[in-house]
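Shown next, in structure tokens, is the structure this report addresses.
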Amino acid sequence: MSSEQPLHDAQKTVADLRDHLARHDKPIAFFFGAGTSSAVQVPIPGEPEKTQSLIPAVAGLTKLCQEGADALGQKFKDAWISIVKQCEENGQDPNVETILSRIRMMLNAIGNADTLSGLNKGELTILEESVRKTIAKIVSPDLSTVTDELPHRKFSRWLSKTSRQNSVEIFTVNYDVLFEDSLEAERIPTFDGFVGCYRPFFHPDALRRLETAPGTNWTRLWKMHGSVTWRRIEQDGRYRVIRGEPNLVGEMIFPSFQKYDESRLQPYSAFTDRLSRFLEQDDALLIVAGFSFSDEHINNLIFETLENRPRTHVYALQFGEIPEDSDLVSRAKQRSNMIVIGPETGIVGGCRARWAPIESPSFMGDIFELKEVEAVGAEFVGEEAGEPTKSGYMKIGDFSVFCDFLEAMTTG
Numbered sequence: 002m003s004s005e006q007p008l009h010d011a012q013k014t015v016a017d018l019r020d021h022l023a024r025h026d027k028p029i030a031f032f033f034g035a036g037t038s039s040a041v042q043v044p045i046p047g048e049p050e051k052t053q054s055l056i057p058a059v060a061g062l063t064k065l066c067q068e069g070a071d072a073l074g075q076k077f078k079d080a081w082i083s084i085v086k087q088c089e090e091n092g093q094d095p096n097v098e099t100i101l102s103r104i105r106m107m108l109n110a111i112g113n114a115d116t117l118s119g120l121n122k123g124e125l126t127i128l129e130e131s132v133r134k135t136i137a138k139i140v141s142p143d144l145s146t147v148t149d150e151l152p153h154r155k156f157s158r159w160l161s162k163t164s165r166q167n168s169v170e171i172f173t174v175n176y177d178v179l180f181e182d183s184l185e186a187e188r189i190p191t192f193d194g195f196v197g198c199y200r201p202f203f204h205p206d207a208l209r210r211l212e213t214a215p216g217t218n219w220t221r222l223w224k225m226h227g228s229v230t231w232r233r234i235e236q237d238g239r240y241r242v243i244r245g246e247p248n249l250v251g252e253m254i255f256p257s258f259q260k261y262d263e264s265r266l267q268p269y270s271a272f273t274d275r276l277s278r279f280l281e282q283d284d285a286l287l288i289v290a291g292f293s294f295s296d297e298h299i300n301n302l303i304f305e306t307l308e309n310r311p312r313t314h315v316y317a318l319q320f321g322e323i324p325e326d327s328d329l330v331s332r333a334k335q336r337s338n339m340i341v342i343g344p345e346t347g348i349v350g351g352c353r354a355r356w357a358p359i360e361s362p363s364f365m366g367d368i369f370e371l372k373e374v375e376a377v378g379a380e381f382v383g384e385e386a387g388e389p390t391k392s393g394y395m396k397i398g399d400f401s402v403f404c405d406f407l408e409a410m411t412t413g
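Using the numbering used here, the first residue of the sequence shown is number 2, and each one after it goes up by one.
Right, dumping it as structure tokens:
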């Protein structure tokens, strides 16, 4: 190993994060992606010694939606392949959200006598509906068999034992109700932007004017990409978004800004504005978990705010290693207030390096270990080409491990 530049100190990085979380006067929010839902493991039916994700990650969800499209017939199968190719040609990851967004763009542009990707307007409508309903079905599992040891419950228990001057805010792009279920199970008062008793309706003013929202002892939960519990209804000649029981239609999941009218866009735009307002607070802390930073709109919002607010900090907890040419790496290297914690490397102070091989102190618990790695090239600071070595390995990017870490803060 080269001694010219130091490796990153995992102990200091985690200790800094723990100190941030322990402060009662600091505005704190969490941004959770699909990886937080796929972290919930359940036994495989007939194979109790093996487990699988209760809700698959984006790649698994995309595969299931493709299978649903294939089942509609050959022309739908061909159309899916064509749409994937279009996404790739535009430099987009062809996951279920980019594919659904493209289908909706096509629906917005197509005429009654036209075809796009081999489908007419009616057939595109069928494909869009198939994707929506597949997503809604997959993200609405039976939660009655889930134990109270799932990570979301541990996260909620940590919340219940903290007292803060500001409300803890949870931003999530997940459509499922794992957080809602866990917060209610731990009896945590939560406000999600909906008001009312019979059919709660979305009330954007409560996100803009603090005096119209519940007090700071209420946790905030903002569903950035909608929810399986949302529906759009017409009442007295006006449309509004309401919240109810989960449904398998999925009419209000994932925004398509090219197509939706104001009543549909309102929740999404209000939550995006709320994230921007949160990050603009002095000394704000945003912790990101289970999110791959593949959403360009959200990326730009976070990174541009960090550039203008040097006292705002973002910790990005990553389950896997991030490619060197990714947008997250290039942007984090330009901003010292963006800390990326990956398993083998981290970006701290704008520098990417491996974690120093240290003996783990007790407060690190199960989030850090030593592993043998083989350096095939001098890609990061602190290593030389071809030199095998021991390196620190951080596991806090696994949402389950992160929640164990939070729970240990309140019990240890």
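Glycine included, C-beta positions come from ideal geometry on N, C-alpha and C.
Under a 10 Å Cβ-count criterion, R105 is classified as buried, with 16 or more other Cβ atoms of the shown protein chains found around its own Cβ. DSSP places L184 in the helix class (H, G or I) of the three-state scheme. Three or more pairs of CB atoms, one per stretch, sit closer than 8 Å, so the stretch 283-290 contacts the stretch 305-317.
Apart from sequence neighbours up to five positions away, the residues of its chain that approach F272 with a beta-carbon distance below 6 Å are W223 and M225, ordered along the chain.
Ranked by how close their Cα comes to the Cα of T63, the residues D94, I189 and T116 have D94 in first place.
Taking C-alpha positions only, I171 is separated from N113 by approximately 42 Å. Scanning E408, R278, I348 and G123 for the CA closest to the CA of A11 turns up I348.
Per DSSP, the unbroken beta strand (DSSP E) holding G347 starts and ends at T346 to V349. For P205, there is no enclosing beta strand (DSSP E), as DSSP marks it with neither H nor E. Within the same chain, Cβ atoms closer than 6 Å to the Cβ of L280 are found at T306 and T313, the five residues on either side in sequence being excluded.
Boundaries of the beta strand (DSSP E) around P44: Q42 to I45.
Secondary structure of I171 (DSSP, three-state): strand. In the three-state reduction of the DSSP assignment, F294 falls in the coil class. Ranked by Cα distance from W219, the options T163, G197 and N121 are led by T163. A buried status is given to S157, since no fewer than 16 other beta-carbon atoms sit within 10 Å of its beta-carbon.
Counted as a single uninterrupted DSSP element, the stretch harbouring F255 is not any beta strand (DSSP E), since DSSP gives it neither H nor E. Selection V169, I45, R232 and V15 evaluated against H25 yields V169 as nearest (Cα-Cα).
Nearest to L144 by C-alpha distance, out of I56, P268 and V242, is I56. The C-alpha of K13 lies about 34 Å from the C-alpha of F192. The DSSP-derived three-state label of H21 is helix.
Per DSSP, C352 is one residue of the beta strand (DSSP E) stretching across C352 to R355. Comparing alpha-carbon positions, the option among I139, E212, G238 and D206 lying closest to V178 turns out to be I139.
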